[in-house]
Structures are given as structure tokens and as C-alpha cells.
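Take a look at the structure below.
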Amino acid sequence: MTIKERQEREAHDRENPWRPMSTATPSGLICDLLFDDMAGHFPTDGLQYFLDADGNWYPINPPVEMIFMRKPINWRPAYVRMTPERRALIKSKAKG
Numbered sequence: 474m475t476i477k478e479r480q481e482r483e484a485h486d487r488e489n490p491w492r493p494m495s496t497a498t499p500s501g502l503i504c505d506l507l508f509d510d511m512a513g514h515f516p517t518d519g520l521q522y523f524l525d526a527d528g529n530w531y532p533i534n535p536p537v538e539m540i541f542m543r544k545p546i547n548w549r550p551a552y553v554r555m556t557p558e559r560r561a562l563i564k565s566k567a568k569g
């Protein structure tokens, strides 16, 4: 990672801080998740999720059912909303 890339990532983190999982609501927002394991905290770069009304997180690409081996500890919105139709399509693909 170059210095410029690191500075851009730090600026993005300042503008879009991580939020506690307890504040997540099923509003159709596309979100990033931050996970925790024994090695430390790490984001899933490039993977985005949405929280459905059933209380489950669903990854957008690829649409699979979420079984967390690692527990997400924080989230942050991407400020883009998914339509209910698209969420239903992703959920149906995830369930097989």
C-alpha cells in the first residue's frame, strides 16, 4: 500500500467511522462490516452486506447465507440503499 492509498483510507475512515452493531437497523443500506478474530480487527475489503428485517446480514456478491465463524463487531454504511426487490432476490439466491 502506498502512502497516498493509506492517506485516502484514513480519510475515508475519518469521514465514515465504524459504528457499533447495536445501532444497525434493517433499512436496506449497503454496509461494510468489521470482523474480529484472535489476530485483531479486520474489514472485508470489497465485500458489502445488508441487514434484513429478519435480523440476518446478507452479502451482496456472492449472495450466500451468512454463517459467521467470526463475529462482526462494527458496521458502517455505504450510503446506498437497495430496493426491496433486489434484497428479496439476493435472499432467495442465498437460500438456494
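Using the working numbering, read the sequence shown as starting at 474 and increasing by one per residue.
C-beta atoms are modelled at their ideal positions from N, C-alpha and C, and glycine is treated no differently.
Name, in chain order, the residues that DSSP records as bridge partners for residue 530.
-> 524
Assuming residue 502 and residue 523 form a contact by the criterion Cβ under 8 Å, report the distance between their Cβ atoms to the nearest whole angstrom.
-> 7 Å
Coarse secondary structure for residue 551, derived from DSSP in three states | strand
For residue 528, the nearest candidate out of 480, 489, 497 (CA to CA) = 497
Have a look at 560, 562, 552, 559 and flag the residue whose alpha-carbon is nearest the alpha-carbon of residue 488.
-> 552
Does the distance from the CB of residue 499 to the CB of residue 526 come in under 8 Å?
-> yes
May I ask you to report which of helix, strand or coil DSSP gives residue 544?
-> strand
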